[in-house]
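A short write-up of the structure that comes next.
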Amino acid sequence: MPETTIDGPVVIVGSGLAGGNAAVSLREKGFTGPIILVGRETRVAYGRPPLSKTYLRGEEDLSGWYVKPTDWYDTHDVELRTHVSMQGVETDTKHVRLDDGGSLAYDKLILCTGGRPRTLTVDGADLAGVHVLRTVADCDAIKAAARPGVRAVVVGMGFIGSEVAASLRQMGLAVTAVLTGAFPLQTVLGDEVGSVMRAIHEAHGVELVPEDRVAAFEGSDHLERVVTANGRRIECELAVVGLGIEPDIDAVESTAIALSNGILVDERCRTNIADVYAAGDVANHLHPVFGRVRVEHYNNAEKQGRAAARSVLGSTEAYADIHTFWSDQFEHNLEYVGLARDWDQFVVRGSIEERRFLGFYLKGGVLTAAMGLNRGGDPELDEDSELRACQRLIAERAPLSPATLADEHVDLHSPPGV
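Start counting the sequence shown at 9; every next residue gets the next number (our numbering).
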């Protein structure tokens, strides 16, 4: 890695997964200068996946999800400032303003501010009993309310909504899910896979209210029912709004840092302002394969935080990770690699009926994404997994025929003609 001169502190704003990994990577790569890690939560950097699954259900604590244990920061001379937020950036004088009235000088700045949950601006949205899920505190509040016998409404059936709906059912709650599309995860996975996910949820007792939206929450001092645009009145004591996140860019909107659906960065996680970088959920990244993308998944935050740190230290390597993510819902595991905004062919290998298959998303005959339901292996852990092979095929942009992808006898690690 080329050497670079850093005259002052590296300030990392956002102590989530991307920020925590950026700090760790700086130390692992030999940087010995000051590192200041600023975050609004009261704990060290951690991964969020258990919040909608095992932690929510009380099956696991977060100790295995910390980027590093609490004492690592002291022993590696990383100054950790918790429960404080960035209020602004003075890029000309290279200072970060904080909401506690203080400011921090930086030589290099890595913005990992993440995102905040989208909310509903409808009547009753501020009633007690209406929740979002982003932080441990959010999850603890939902856990406290999610007693067996409670009736819950989940708003939205993307990944967070689908996982929360599954967890609440496993916890013994009656669950109704309101979704604007026809199927869970329809936008990301398409109709065929979405119909499978719908069947899975319905088989486990989740009532789906498709092609509808929440028009109001009703109750006196606590949530009593949800009213939908199509006139459904759903009695409930708990609602979880899972409509995804929006990038947290408020503190940089008045600066010269370029913004569009997040903070714009190049292939090396650099913004348009010298010495300012961004990573994680907030970064709209110029990807060598996928073009401009903003990715909100665990594996991207972990790897992109490290990539930003390498760039700070002078690396000229592009961040070109072929994205991966996973989801566990009931007894079913879903793995996904690549990125498909749209596609003109969807090819299946295996059995949709048995809920054990691979799905391939092609655009113009080129594989852009692949998913596996109860099949395919973890591409992050298993070099021999079918989805690891798909990552390579996506990166190479190799033309592939649907017949080749559908044929169980074709080894995806060495398909003919590739």
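Don't be surprised by glycine CBs; every beta carbon is placed ideally from N, CA and C.
Contact annotation: residue 363 and residue 342 have beta-carbon atoms that are not nearer than 7 Å. The alpha-carbon separation between residue 66 and residue 281 amounts to approximately 44 Å. Taken through DSSP and simplified to helix, strand or coil, residue 423 comes out as coil. In the three-state reduction of the DSSP assignment, residue 90 falls in the coil class. Counting the other Cβ atoms within 10 Å of the Cβ of residue 426 gives fewer than 16, which makes it exposed.
Counting along the chain, no alpha helix (DSSP H) covers residue 42, and no H or E run does either.
Setting aside the 5 residues that flank it on each side, residue 329 is surrounded in the same chain by 311, each with a C-beta closer than 6 Å to its C-beta; the list follows chain order. Taking the C-beta atoms as reference points, residue 96 is found no nearer than 7 Å to residue 89. Residue range 284-286 is occupied by the beta strand (DSSP E) that includes residue 285. In this structure, the straight-line span from the alpha carbon of residue 92 to that of residue 46 is close to 7 Å. Of all alpha-carbon atoms in 167, 179, 177 and 190, the one lying nearest the alpha-carbon of residue 141 is that of 167. Per DSSP, reduced to three states, the secondary structure at residue 333 is strand. Spatial neighbours of residue 212 in its own chain (CB-CB distance under 6 Å, excluding positions within 5 residues in sequence) are listed in chain order as 177 and 338. For residue 304 against residue 289, the beta-carbon gap comes to about 5 Å, under 8 Å, which counts as contact.
Taken atom to atom, the span from the alpha-carbon of residue 387 to that of residue 333 is near 9 Å. Sequence-distant Cβ neighbours of residue 164 in its own chain, meaning closer than 6 Å and more than five residues away, are 250 and 251.
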